[in-house]
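Visitor: Quick one: structure below, then a few questions.
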Amino acid sequence: MSTNDSKLFSSIKYFTTGFRDSTLESIFKQNGAIRSFYLTETTTHVICDDFDSNKSELEQAIEIYQTPIVNSNWITSCLKCNTLLPIDPFRSVDSNNTEHLFRSCTFANANLLNEDHYKIYALVTYYGGRWATNLDDPNCTHIICASALSINNTDDEIINNHRNNDERLHIAYEIQSEKSHLITPDWIIDCLNANRLLDEIDYHPDLLKDPNEPMDIDDDELDDEHNNNPSTDEHTPTK
Numbered sequence: 001m002s003t004n005d006s007k008l009f010s011s012i013k014y015f016t017t018g019f020r021d022s023t024l025e026s027i028f029k030q031n032g033a034i035r036s037f038y039l040t041e042t043t044t045h046v047i048c049d050d051f052d053s054n055k056s057e058l059e060q061a062i063e064i065y066q067t068p069i070v071n072s073n074w075i076t077s078c079l080k081c082n083t084l085l086p087i088d089p090f091r092s093v094d095s096n097n098t099e100h101l102f103r104s105c106t107f108a109n110a111n112l113l114n115e116d117h118y119k120i121y122a123l124v125t126y127y128g129g130r131w132a133t134n135l136d137d138p139n140c141t142h143i144i145c146a147s148a149l150s151i152n153n154t155d156d157e158i159i160n161n162h163r164n165n166d167e168r169l170h171i172a173y174e175i176q177s178e179k180s181h182l183i184t185p186d187w188i189i190d191c192l193n194a195n196r197l198l199d200e201i202d203y204h205p206d207l208l209k210d211p212n213e214p215m216d217i218d219d220d221e222l223d224d225e226h227n228n229n230p231s232t233d234e235h236t237p238t239k
């Protein structure tokens, strides 16, 4: 007989506002999930099949704990595939609300210049994202790069022509992983336009046409996406 640790959902501690199917919750628990009757820092998932009706109850999960909220289809799909699937396609949210689009994201700046740094900071935090000063912050999910890292074929030294930010960009490339994506600023704009989180692999800085040419951030695009953003003068982030 398998132990609880070997079961599919053994790493899941969930809070729920109610299942459409009570039988599914029983199966969920039989496969290792543990129910929490209160939202805490150790809650890994909130299961909700009717976000609009439970919006006020879920504010704590969104604002304080940043706990992902998924519908029960995630459980069904995981059982069918016998693996824990990515949660993004199963998020339970208000389909008309982009206010918290980046609520599961923590960003850091690799080599944006100050002016662009502040614009992007204002945009992602307005839409629910967090900002990390250090690139190696354990919570960091996205590192924003204005240019790619290039190799000098003469002496094999890593160089970058985007002012004096080569050291941070070098570090970013060293620590990139499946949990810490390198992206260009376009990923943020396109996610907002699509009202969903897009695949980061399509926005890696190595895909820039000229990896040595720093990326310009279009002020008009930022203004269109963020024309209601309050002033950030009082909360200036550090890199």
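Numbers 1 to 239, taken from full-length UniProt numbering, label the letters of the sequence shown in order.
Here a beta-carbon is modelled for each residue, glycine too, at the ideal position from N, C-alpha and C.
Just so we're clear, the structure is a prediction, and the values are computed from it rather than from any experiment.
(1) Would you mind working out which of K119, Y126, C48, L207 sits nearest L101, comparing C-alpha positions?
(2) Say whether the region 6-15 touches the region 33-40, bearing in mind that this needs 3 or more beta-carbon pairs closer than 8 Å, one atom from each stretch.
(3) Leaving aside the five residues before and after Y173 along the sequence, list all residues of the same chain whose C-beta is less than 6 Å from its C-beta, in chain order.
(4) Measure the alpha-carbon distance for R20 versus I143 and round it to whole angstroms.
(5) Can you confirm whether N111, when its beta carbon is compared against all beta carbons of chain D, has any partner nearer than 8 Å?
(6) For C48, count the other beta carbons within 10 Å of its own beta carbon; 16 or more makes it buried, fewer makes it exposed. Which is it?
(7) Note down, one range per segment and in chain order, each beta strand (DSSP E) of at least 3 residues found wholly within the UniProt domain "BRCT" (97-205).
(8) Pick out the complete beta strand (DSSP E) segments inside the UniProt domain "BRCT" (4-92), 3 residues or longer, and give them in chain order.
(9) Kindly examine the ligand ATP and report whether one of its heavy atoms sits closer than 7 Å to the Cβ of E167.
(10) Thinking C-beta only, is F28 closer than 8 Å to F9?
(11) Using 8 Å for Cβ pairs, my map puts N111 next to A146. What's the rounded Cβ distance?
(12) If you run the structure through DSSP and keep just helix, strand and coil, what is L207?
Guide: Taking the definition as stated:
(1) As a working note, residue 101 is residue 101 in the sequence shown. Residue Y126 is the option with its Cα nearest to L101.
(2) yes
(3) What you label residue 173 is simply residue 173 of the sequence shown in a count that begins at 1. Hits under 6 Å: L149.
(4) Within the sequence shown, numbered from 1, the residue matching residue 20 stands at position 20. Within the sequence shown, numbered from 1, the residue matching residue 143 stands at position 143. So the two alpha carbons sit approximately 38 Å from each other.
(5) Absence of chain D from the displayed structure is noted, only one protein chain being present.
(6) Walking along the sequence shown from the start, residue 48 turns up at place 48. With 16 or more Cβ atoms within 10 Å of its Cβ, C48 is classed as buried.
(7) 106-109, 142-144, 181-183
(8) Listed in chain order, they are 13-18, 45-48.
(9) As presented, the structure is devoid of all ligands, the ligand ATP included, so that no description of it is given.
(10) Along the sequence shown, one-based indexing puts residue 9 at 9. Along the sequence shown, one-based indexing puts residue 28 at 28. Yes, Cβ-Cβ distance for F9 and F28 is below 8 Å.
(11) The residue you call residue 111 lines up with position 111 of the sequence shown. The residue you call residue 146 lines up with position 146 of the sequence shown. Yes, they are in contact, since the Cβ atoms of N111 and A146 sit about 5 Å apart, within 8 Å.
(12) The residue given as residue 207 occupies position 207 in the sequence shown. Correct three-state label for L207: helix.
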